[in-house]
Amino acid sequence: MNFVEELKWRGMLHDIMPGTEEQLQKEVTPAYVGIDPTADSLHIGHLVSVMMLKHLQIAGHQPIALIGGATGMIGDPSGKSQERNLLDEPTLRHNQECIKNQLSKFLDFDSEEANVALLVNNYDWMKEFSFLEFIRDVGKRITVNYMMAKDSVKKRLGEESKSGMSFTEFTYQLVQGYDFLHLYQNNNCKLQMGGSDQWGNITTGTELIRRVAGGEAFAMTCPLITKADGTKFGKTESGNVWLDPERTSPYSFFQFWLNTSDEDAERYIKIFTLLSKEEIDALVAGHKEAPHMRSLQKKLAEEVTIMVHSKEEYEMAVEASQILFGKGTAEQLRKLNESTFLAVFEGVPQFTISKTELAEGINVIDLLAEKTEVFPSKGELRRTIKGNGLSINKEKIGDPDLIVNNDYLIADKYILAQKGKKNYFLIIAE
RNA sequence: GGGAAGAUACCGAAGCGGUCAAACGGGGCAGACUGUAAAUCUGUUGGCUCAGCCUUCGUAGGUUCGAAUCCUGCUCUUCCCA
Numbered sequence: 000m001n002f003v004e005e006l007k008w009r010g011m012l013h014d015i016m017p018g019t020e021e022q023l024q025k026e027v028t029p030a031y032v033g034i035d036p037t038a039d040s041l042h043i044g045h046l047v048s049v050m051m052l053k054h055l056q057i058a059g060h061q062p063i064a065l066i067g068g069a070t071g072m073i074g075d076p077s078g079k080s081q082e083r084n085l086l087d088e089p090t091l092r093h094n095q096e097c098i099k100n101q102l103s104k105f106l107d108f109d110s111e112e113a114n115v116a117l118l119v120n121n122y123d124w125m126k127e128f129s130f131l132e133f134i135r136d137v138g139k140r141i142t143v144n145y146m147m148a149k150d151s152v153k154k155r156l157g158e159e160s161k162s163g164m165s166f167t168e169f170t171y172q173l174v175q176g177y178d179f180l181h182l183y184q185n186n187n188c189k190l191q192m193g194g195s196d197q198w199g200n201i202t203t204g205t206e207l208i209r210r211v212a213g214g215e216a217f218a219m220t221c222p223l224i225t226k227a228d229g230t231k232f233g234k235t236e237s238g239n240v241w242l243d244p245e246r247t248s249p250y251s252f253f254q255f256w257l258n259t260s261d262e263d264a265e266r267y268i269k270i271f272t273l274l275s276k277e278e279i280d281a282l283v284a285g286h287k288e289a290p291h292m293r294s295l296q297k298k299l300a301e302e303v304t305i306m307v308h309s310k311e312e313y314e315m316a317v318e319a320s321q322i323l324f325g326k327g328t329a330e331q332l333r334k335l336n337e338s339t340f341l342a343v344f345e346g347v348p349q350f351t352i353s354k355t356e357l358a359e360g361i362n363v364i365d366l367l368a369e370k371t372e373v374f375p376s377k378g379e380l381r382r383t384i385k386g387n388g389l390s391i392n393k394e395k396i397g398d399p400d401l402i403v404n405n406d407y408l409i410a411d412k413y414i415l416a417q418k419g420k421k422n423y424f425l426i427i428a429e
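Counting along the first sequence from 1, when you hit position 229 you're at 228 in numbering that gives the first Met the number 0, and nothing is skipped either side.
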């Protein structure tokens, strides 16, 4: 199966320029996607582009990840209703390093083969480019009429846009287009890929290559990832889902994929894992038989967590999930060693309390509503207890007069309070 | 500039002198069910030293034994006429 066919059955192909497939069959083709270095970590929204590069490398072509240092300083108007904040250079370099680190989990940057992955930063060639040179060498080749015809521009000039569009943003597509030209001339790069919202920007590049270099270059986009319920993909209540374990713990990362809805799971597993068509077909069939087993979600979460983090992190996440959602019991909880315990409850709101005070025994209500802010008011806590909604160390508390003392400590240090099923709070005795 | 209506808890919206911490709907939270889902059902949704008490109905005063409810000033909102 060739690269294009591969993307096609995975549902990762939205639009493709005629001739692209032929080009890929002809020779080892370098192709790039752009990545905005707005943060020092990728998030799962970037993952689709990364997977495209990965498939590209597997198919024997050369993946190029372009860090949009220069373009990130401008801001892509596509899909944005407002101007973007600009990044300074030190931040940019830092972000670039972190991103490269993450990419190396997916792409082979050290191969001896011709299809070794490359990482470039367009800031490196844009920073020396003077304005005069740019408008003479690049700007001269593209008409404003052409640029105005792009959807991303039209939208910003249209009536629904309140803020207007700066000249800086207007030139964005030229700068991105020039990247393509630069890579075409220096790396023989003939293909640019990206999300379907990038089509306009990409074709500016192919147009530029045709007019400046007389060459032929190609474009390919993948559909934007959507969710069946219409909410935005890749977001949780707590924000973006990052690849960086410091920003999103492997446990939360795992949970994100596990909680994928049935409607979305099939699409996602094709896009975000490297499982073969046969394997996925079997999983989908199995899932239809027994949807409550959620075999699709489990496999999806497993594959992606291992790929982004590691097998160990995955196993830890499964273990944590069992304690939190499975038949986790008080004994199981007490059996955990401290480091696992902390990993399981990493990211859970924490409160501290003095150990000596606890030794004397504290009433549950005082402990959770006064000494700590697990509950905002005592009344609410009382209601929760009445409604059978409070657990301490995985055991239901029904008595509002309960006295908590050192006997409740896990690993001689922690008390786990639980509001309802899903809300955990960690109290640390010091 | 003139006139009218209105401002109630997270949101919408009842209440028009005592029985009002305030109907009802939405949302939130919790319980049951379940697949860590959806739907459904149940409870709860100002605070506290919790069968009681305290602070809330735009804001500041007033009338009254008693005010979300009546009166006055102020602020804001909406509508109509200039």
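Backbone N, C-alpha and C define an ideal beta-carbon position, used for all residues, glycine too. Keep in mind that this is a model prediction, so the values were computed, not measured.
Assigned exposure category for residue i - 16 Cβ within 10 Å defines buried
{"i": "Ile-134", "result": "exposed"}
{"i": "Phe-344", "result": "buried"}
{"i": "Val-32", "result": "buried"}
{"i": "Asn-114", "result": "buried"}
{"i": "Gly-71", "result": "buried"}
{"i": "Gly-193", "result": "buried"}
{"i": "Lys-370", "result": "buried"}
{"i": "Val-465", "result": "This structure leaves residue 465 out entirely; the chain is present only between 0 and 429."}
{"i": "Ser-80", "result": "With a pLDDT of only 45 at Ser-80, under 50, the local geometry of the prediction cannot be trusted, and the value read off the model is given with reservation. Classification for Ser-80: exposed."}
{"i": "Arg-155", "result": "buried"}
{"i": "Pro-290", "result": "exposed"}
{"i": "Met-146", "result": "buried"}
{"i": "Ala-64", "result": "buried"}
{"i": "Asp-75", "result": "buried"}
{"i": "Leu-324", "result": "The sequence shown places Phe at residue 324, rather than the Leu named in the question. Exposed."}
{"i": "Lys-276", "result": "exposed"}
{"i": "Met-0", "result": "exposed"}
{"i": "His-93", "result": "exposed"}
{"i": "Gln-24", "result": "exposed"}
{"i": "Met-292", "result": "exposed"}
Pair within 9 Å by beta-carbon distance, residue i and residue j
{"i": "Val-283", "j": "Leu-357", "result": "no"}
{"i": "Trp-198", "j": "Thr-167", "result": "no"}
{"i": "Tyr-177", "j": "Val-119", "result": "no"}
{"i": "Thr-259", "j": "Leu-295", "result": "yes"}
{"i": "Leu-6", "j": "His-54", "result": "yes"}
{"i": "Val-347", "j": "Pro-399", "result": "no"}
{"i": "Asn-187", "j": "Leu-117", "result": "no"}
{"i": "Asp-14", "j": "Ala-148", "result": "no"}
Close-in-space but distant-in-sequence residues of the same chain around residue i (CB under 7 Å, 5 per side omitted)
{"i": "Glu-394", "result": "Ala-329"}
{"i": "Glu-337", "result": "Ala-410"}
{"i": "Ile-98", "result": "Ile-34, Pro-36, Leu-41, Ile-66"}
{"i": "Gln-184", "result": "Ala-212"}
{"i": "Glu-436", "result": "Since the first and last residues shown for the chain are 0 and 429, residue 436 lies out of range."}
{"i": "Thr-247", "result": "Val-240, Trp-241"}
{"i": "Asn-422", "result": "none"}
{"i": "Glu-429", "result": "Thr-351, Ser-353, Lys-354"}
Own chain residues within Cβ distance below 6 Å of residue i, not counting five before or after
{"i": "Val-373", "result": "Leu-367, Ala-416, Phe-424"}
{"i": "Ser-110", "result": "none"}
{"i": "Gly-419", "result": "Gly-388"}
{"i": "Tyr-407", "result": "Ile-414"}
{"i": "Leu-401", "result": "Val-363"}
{"i": "Met-315", "result": "Ala-342"}
Close Cβ partners of residue i (< 8 Å) along its chain, the five nearest in sequence each way excluded
{"i": "Ser-320", "result": "Tyr-250, Phe-253, Gln-254, Leu-257"}
{"i": "Gly-233", "result": "His-42, Ile-43, Gly-44, Ile-224, Asn-239, Val-240"}
{"i": "Glu-311", "result": "none"}
{"i": "Arg-209", "result": "Glu-215, Ala-216"}
DSSP beta-bridge partners of residue i
{"i": "Lys-418", "result": "Leu-389, Asn-422"}
{"i": "Phe-217", "result": "Leu-190"}
{"i": "Gln-61", "result": "Pro-29"}
{"i": "Trp-124", "result": "The partner list for Trp-124 (beta bridge, DSSP) is empty, contrary to what the question assumes."}
{"i": "Glu-168", "result": "According to DSSP, which records beta bridges pairwise, Glu-168 is partnered with nothing at all."}
{"i": "His-93", "result": "DSSP output for His-93 lists no bridge partner at all."}
{"i": "Val-403", "result": "Ile-361"}
{"i": "Trp-241", "result": "His-42"}
{"i": "Ile-352", "result": "Ala-428"}
{"i": "Val-119", "result": "Leu-65"}
{"i": "Lys-234", "result": "Asn-239"}
With a threshold of 8 Å, are at least 3 pairs of Cβ atoms found where one atom belongs to the region 201-216 and the other to the region 233-251? Flag = no, the region 201-216 and the region 233-251 do not touch.
Do three or more CB pairs link the region 264-284 to the region 9-26 at distances below 8 Å? Judged by Cβ distances under 8 Å, the region 264-284 makes contact with the region 9-26, as three or more pairs qualify.
Under 8 Å, with one C-beta from each stretch per pair, do the region 295-304 and the region 268-279 reach the 3-pair mark? The region 295-304 makes contact with the region 268-279: 3 or more CB pairs, one atom from each, lie closer than 8 Å.
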